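Presented below is the structure to which this report refers.
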Amino acid sequence: MAYKQGYCLSDREMATTIKLEDDNRLGLDSPTGIHDARKKGLPWLIAALIGAIFVLLLILLFFVLRVPTDDLLKSRHKSLADLSRSDWPALSPKSLIATFKKVAVVSDNGLCSEIGRSILLRGGNAIDAAIATSVCIGGLNSHSCGIGGGGLMTVYLADQKKCLTIDARETAPLATNNQTFVNNPKDAFTGYKSIATPGEVHGFWTAFKRYGSGRIAWQDLIMPTVAHLRAGVPATKLMETNLNLVKSNIENEPTMRAFFINNVTGELYKEGEIMKNPVLADTLQRLATSSDPAKLFYTGDVAQQIAAEIYGNDGFLTKQDLEQYRSIVDEAAPLTTGIGGENIGLCGPKPPSGFVVTQFLVAVMSKLYPKGSNESKLYNDDEFYHRFVEAQKYGYALRTQLGHGPASDKTVEKLLDPAFHTEIADKISKADKVQPESEYGAHLPPSGKHGTSHIGVVDAAGNAVSFTTSVNNVFGSHRRSPTLGIVWNDQMDDFSIPGAKNFYGFEPSEANFVSPGVRPMSSMSPLVAFDTVTGKVRVVAGAAGGSKIISTMSQFLLHVLSFNQTVKDAIDFPRIHNQFTPLDTNYEEGFPTDMIEALKKRGHNMTVMGFPFATIQAIVRQADGSLEASNDHRRPVYMNPAGYKR
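Using this note's numbering, you'd call the opening residue of the sequence shown number 748 and step up by one each time.
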């Protein structure tokens, strides 16, 4: 049917109305003629259209090739001021944000967070839940942490409005010194010689006995993990990735190959394949049912097994090292600092923790960008990123003076001093470009992927625990106990070796040289931020990621405390990092080209970082008192915050 001047005509009627001057030549005086014309003309019409489209595409391609891609990107904006939120990456759908009324648990594995939640539901406190969650993480994520390693814990006691810390870091065996690894630095990060005295079990038992609720039995914190290890759990994408990252080391080391190669497929475990660990389950069950697990692990039968295995394979660790190990509780003076003139206190462990540097960066930057700063600066102000990178250089340079001894103590005092914060903030605000290397104050002698996890908990009483645990590099020393199922740490690489950089690129620092019985420096920064007036917890956060923990944590805190971003906005935002050695500034994919070019003009050597930055687990209290919790999408495991809303 067709329409003409408001009337409906059939095809036949419509055909008879067609009159053209050359209708006799075309044969259009009948429907048959019209049909024949259509058949003859349609292919030509289609060909003409295709040709026109082809020509247009050629013209478009010509102009695209004439203009470089970078110029096209730059031309999108007339100036940096035009950049907005839409020019930065969207929030990742790979991680969740959840809001709870009173309690929250975050960790690197959803199964483990649920174990922590169940402890809280049964009346346990934040310390109980953190231990249970951490034992689980160590059992399921053996590439990152476990009882073969150590950790740092920050505890906030709401009723007393105070922080305390527990240092369960590993210690150097008594047989080592600052020359031990000079001739073969590789021994410090792989093999039995790289193993330091593990501290996690002692730290857990100390925390439980002194600060646990008393309502949950010790074995109830461990047996849920034992059940998972016996039944088996699916391998995560992160497990698969990390196994492939060190594939040759796993396949060539009998103690690792025996466990991490799937007997069914004959290959390294892949995501989704069920992993069981009955040997580690037996060890954990022995610890769970012991009346004194610290004694069993450090002086009893387990200690004898550990020493025989490690020392018997040319390692340095002996039974004497285990017997002398003690976790350190600091109730008197954990590091606490105020931020930006606001009623916000940050607390965390003293060195060997990296917290003192993290709080320094936040304190300096919050003087320039106090609470309530305009969020648009995060999107279009290259000066903000220039200042942040410069602050990092000062902080990481001073980190080279941290370690053990009186000189380190003086550096800690300096990094905590509000007057020094103001001094550095003034310097940064007056410097539009990169400063000479000597300006930043590093103490370096001449020079000849990470395995860490974080757990955060807030309980119904307002107590909080921030715990970062590690075996150092991925799968630690690449040695696993065949009789205990424990993956051993390689924390000797966290010490400085004269004439050699460590795995994370840090130049050697004399303050961090190997010394018998001491703890190596770490970037771990488990922290709690609290309101100094009300006493309520504001932020519980920590990160995994080696040297990038400090920059990641400080950037996250600035986004939350100064710019009032949500926990997920702050976690997902692209990162920027400069650890002074080397002086390159690494940035995460997603930074707009305009911003990178502006920073280059200020003298920064900008390098895109393909390998994931540090990963954060965090809980943030909202104005209405609720707890907002989120995990970091950069860590490809099954994560979800846990808690309850009642």
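For each residue, glycine too, the CB sits at the ideal point set by N, CA and C. Nothing here was measured: the structure is a model prediction, and the numbers come from that model.
Per-residue burial, residue i [other beta carbons within 10 Å of its own, 16 or more giving buried]
i     : result
A879  : buried
F801  : exposed
N872  : buried
E1014 : exposed
Q926  : exposed
P983  : The sequence given here places Thr at residue 983; Pro does not occur at that position. With 16 or more other Cβ atoms within 10 Å, it is buried.
A1389 : buried
Q1364 : buried
P1273 : buried
F1006 : buried
N1333 : buried
K1392 : exposed
G1092 : buried
F1358 : exposed
S839  : exposed
I1394 : Look at the range of the chain in this structure, 748 to 1393, and you will see that residue 1394 is not part of it.
E1170 : exposed
L858  : buried
V1076 : buried
Helix, strand or coil at residue i [DSSP, three-state]
i     : result
I1008 : strand
K1140 : helix
K1395 : Coverage of the chain is limited to positions 748 through 1393, which leaves residue 1395 absent and any answer about it impossible.
S1120 : coil
Y1391 : strand
H1306 : helix
M1386 : coil
S1301 : helix
Y939  : helix
R962  : coil
F1242 : coil
P1394 : This structure leaves residue 1394 out entirely; the chain is present only between 748 and 1393.
F1131 : helix
D776  : In this prediction, D776 scores a pLDDT of 42, lower than 50, which makes its location untrustworthy; no coordinate-derived value is stated.
H707  : Residue 707 lies beyond the residue range present for the chain, which begins at 748 and ends at 1393; the question has no answer from this structure.
H1225 : coil
V1181 : coil
I844  : strand
H1151 : coil
S1200 : strand
N1220 : strand
G915  : Looking at the sequence provided, one finds Ala at residue 915 rather than Gly. The answer is strand: DSSP assigns A915 an E or B state.
T972  : helix
T1313 : coil
For residue j and residue i, the rounded distance between their alpha carbons
i     : j     : result
S1256 : A1144 : 10 Å
H1351 : P1329 : 12 Å
L990  : Y1016 : 8 Å
T1046 : L1064 : 13 Å
P932  : I997  : 20 Å
S1309 : S1038 : 47 Å
N1210 : D875  : 11 Å
Q1264 : E1130 : The sequence given here has Gly at residue 1264, not Gln. Each residue's Cα considered, the two are about 44 Å apart.
S860  : N1311 : 26 Å
L1027 : T1036 : 14 Å
G1337 : A922  : 48 Å
N888  : M986  : 7 Å
K1097 : T1158 : 11 Å
L911  : K956  : 15 Å
A828  : R1266 : 47 Å
R864  : G979  : 21 Å
I1202 : L803  : 58 Å
Proximity test, residue i beta-carbon vs the ligand FAD heavy atom, cut-off 7 Å
i     : result
T1084 : Of ligands this structure carries none, so the ligand FAD is not represented either.
Taking the runs of the alpha helix (DSSP H) that are 4 residues or longer, which of them lie wholly in the stretch 1334-1379? Listed in chain order, they are 1340-1348.
*asked:* Does the contact criterion of 3 or more C-beta pairs under 8 Å hold for the stretch 936-949 versus the stretch 1276-1292?
replied: Contact annotation: the stretch 936-949 does not touch the stretch 1276-1292, with fewer than three C-beta pairs closer than 8 Å.
### Query
Which parts of the stretch 1050-1077 are runs of the beta strand (DSSP E), unbroken and 3 residues or longer, counting only runs that do not cross its ends?
Here the runs fully enclosed are 1075-1077.
Any chance the stretch 1369-1383 sits against the stretch 825-834, with 3 or more Cβ pairs inside 8 Å? No, the stretch 1369-1383 does not touch the stretch 825-834.
request  = Report yes or no: do the stretch 937-952 and the stretch 893-907 share at least 3 C-beta pairs separated by less than 8 Å?
outcome  = With a cut-off of 8 Å, the stretch 893-907 and the stretch 937-952 count as touching, because enough Cβ pairs lie within range.
Given 8 Å, three or more beta-carbon pairs between the stretch 1319-1326 and the stretch 843-852: Because the criterion of three Cβ pairs below 8 Å is not met, the stretch 1319-1326 and the stretch 843-852 do not touch.
Handout entry: Unbroken stretches of the beta strand (DSSP E), 3 residues or longer, contained in the stretch 1254-1297
Key = Entirely contained in the stretch 1254-1297, the beta strand (DSSP E) runs reaching 3 residues are, in chain order, 1274-1278 and 1284-1291.
- Message: Check whether the stretch 1026-1043 and the stretch 900-915 are in contact - that is, three or more C-beta pairs closer than 8 Å.
- Response: In short, these stretches do not touch, since the Cβ pair count stays below three.
Pairs of beta-carbons, one from the stretch 1053-1067 and one from the stretch 1223-1237, closer than 8 Å: are there three or more?
Proximity of the stretch 1053-1067 to the stretch 1223-1237 meets the contact definition, three or more beta-carbon pairs being nearer than 8 Å.
Are three or more beta carbon pairs between the stretch 1284-1304 and the stretch 1229-1240 nearer than 8 Å? With the cut-off at 8 Å, the stretch 1284-1304 and the stretch 1229-1240 do not touch.
Inset, instruction - Specify whether the stretch 1102-1117 and the stretch 1315-1322 touch according to this definition: at least 3 beta carbon pairs, one from each stretch, less than 8 Å apart. - result: With a cut-off of 8 Å on Cβ pairs, the stretch 1102-1117 is not in contact with the stretch 1315-1322, counting fewer than three such pairs.
- request: Quick one: which unbroken beta strand (DSSP E) runs of 3-plus residues sit fully inside the stretch 877-904? Chain order, please.
  value: Entirely contained in the stretch 877-904, the beta strand (DSSP E) runs reaching 3 residues are, in chain order, 897-904.
Is the stretch 1296-1305 close to the stretch 1111-1118, with three or more CB pairs under 8 Å?
At 8 Å Cβ cutoff, the stretches touch.
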